[in-house]
Structures are given as C-alpha cells and as structure tokens.
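Protein chains in written order, with this note's numbering: chain A, 571 to 675; chain B, 571 to 675.
Each remark here refers to the structure printed beneath this line.
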C-alpha cells in the first residue's frame, strides 16, 4: 500500500483535496499543474479504490456533475502527508545546497 | 524535491536507516528485500546528493569499508515519514476491504 502513497501525484492530490475540499475533475487538473489526463484518471481511480477518495455523480445535472472529495480515511492520510509537504517546503534550500556541493565534488 | 521522497524505496530506506542506524551496502540490500543493486545504488546516490544520507569509506580496512547513515537532515525527514509508515501499517486491512468492495462493483 505504501507503493500507492509513494507517488508524487498521489501526495499532491491528497494535499489539493485537503486544502480545497470537493473538486471537479477540471479543477483537480488545474490544481495539479502538469498532470496528464491519463495520470489524473489513474491516480483518482487508485485513490478511490483504496477508499481514500469518494467520487459522486449528480445525474440531475446535464451533463452529470462528477465531484471528488477525501473520505474520512483520506483525510487521515492527507494529514499525515501534510508534515511531509511542510518539511519539503521548509528544507528545499538546504537540499539544493547539498546537491550543489555533491555536484562540485 | 517531493519527487525524491515520493518513492517506495526512498521511504523504505529512510525507515531502515532510522531503525538500524549505520549500515553497509549489503545490510541495506538485505533489509530492503527485493531491491535491485542498480535501484539500491541509485537510491543511495539520490539520498546522499540530497544531503539526507552520509557515505563514509574507511580506507584502513581491506577491502575499504563503506558505510551509510542518516545525516541530521535525514533523521528529520525519516521522523516525518515514520507517521506515514505507521498509518500504512494500521490501515492496511481497511484499504484492502475498500479495494475488494471497489472490485466487486
């Protein structure tokens, strides 16, 4: 299962749904700049299958409105990954310095 | 940088070095069952370049002894990922049930 989580798009999608709540497909695609439609659909399907994302379809709308949101389980893991994202933002400069030093060897 | 962390072998290597401290290449290979030599070397190089792992070579030994350990920065992120690993272990059954239900649709 760690394999599903150890994926850049999964981590970014959990963060997007955590921060912005319920979203349409197009809104998710915009918030995850650079993701292909194929990867977006695949990542959504993986998270839905793992019980982390809920997909709802409002058939009263024309065309039907498809929405995605975190489940309770999804909110749990999204909180756990928040610390990872915060650390990454905080330490980016330090890691870039380490890389520059490594490359100068 | 999140891309480096969003990788199964990186997460497992951080956990192994966190739990077992300083290790030789062969010890790491054993603790990360199933990892290829190519992936192990590549993952170690990524983590060393990011400043998360320290590689030391004791040339007084014959053959030279190569050891790997977490840096201070590495210990930081290893702690952040601990929660992710703990959640994964705790919730594995729940996710498998969600997958079974999804597959029965």
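Cβ atoms here follow ideal geometry from the backbone N, Cα and C, with glycine treated the same way.
Residue i and residue j look like a contact to me (Cβ under 8 Å); what is the Cβ gap, rounded to whole Å?
i              : j              : result
residue 593(B) : residue 584(B) : Not a contact, Cβ separation roughly 12 Å.
residue 657(B) : residue 609(B) : With a Cβ gap of about 25 Å, residue 657(B) and residue 609(B) do not count as contacting.
residue 620(B) : residue 669(A) : 7 Å
residue 575(B) : residue 602(A) : Wrong, their Cβ atoms sit about 17 Å apart, outside the cutoff.
residue 636(A) : residue 666(A) : No, residue 636(A) and residue 666(A) are not in contact; Cβ-Cβ is about 39 Å, not under 8 Å.
Considering only C-alpha positions, which residue in the set the options is nearest to residue i?
i              : options                        : result
residue 582(A) : 672(A), 640(A), 661(A), 673(A) : 640(A)
residue 577(A) : 616(A), 600(A), 603(A), 664(A) : 616(A)
residue 660(A) : 665(B), 650(B), 662(B), 659(B) : 650(B)
residue 638(A) : 628(A), 605(A), 672(A)         : 628(A)
residue 590(A) : 672(A), 648(A), 671(A)         : 648(A)
Just the chain B side, please: which residues come within less than 7 Å of residue i by C-beta, in chain order?
i              : result
residue 661(A) : 643
Name, please, each residue of chain A whose Cβ falls closer than 9 Å to the Cβ of residue i.
i              : result
residue 623(B) : Ordered by position in chain A, no residue passes the 9 Å Cβ test against residue 623(B), which lies about 10 Å from the chain.
So, at 7 Å on beta carbons, what are the nonlocal neighbours of residue i in its own chain, with the 5 sequence-adjacent residues on each side left out?
i              : result
residue 643(A) : 621, 622
residue 605(B) : 579, 599
residue 634(A) : 627, 628
Grab me the residues of residue i's own chain with a C-beta within less than 6 Å of its C-beta, minus the 5 sequence neighbours each way, in chain order.
i              : result
residue 625(B) : 618, 638
residue 611(A) : none
residue 646(B) : none
Return the chain-ordered list of same chain residues with a C-beta closer than 8 Å to the C-beta of residue i, the five sequence neighbours on each side being excluded.
i              : result
residue 607(A) : 599
residue 652(A) : 585, 588
residue 613(A) : 577, 579, 580, 583, 605
Closer than 8 Å between beta carbons: that is the criterion. Which residues of the region 596 to 619 of chain B meet it against chain A?
618, 619
Against chain A: residues of the region 634 to 653 of chain B by CB proximity under 8 Å:
643, 646, 647, 650, 651, 653
Residues of the region 661 to 675 of chain B in Cβ contact with chain A at a cutoff of 7 Å, in chain order, please.
661, 662, 664, 665, 668, 669, 672
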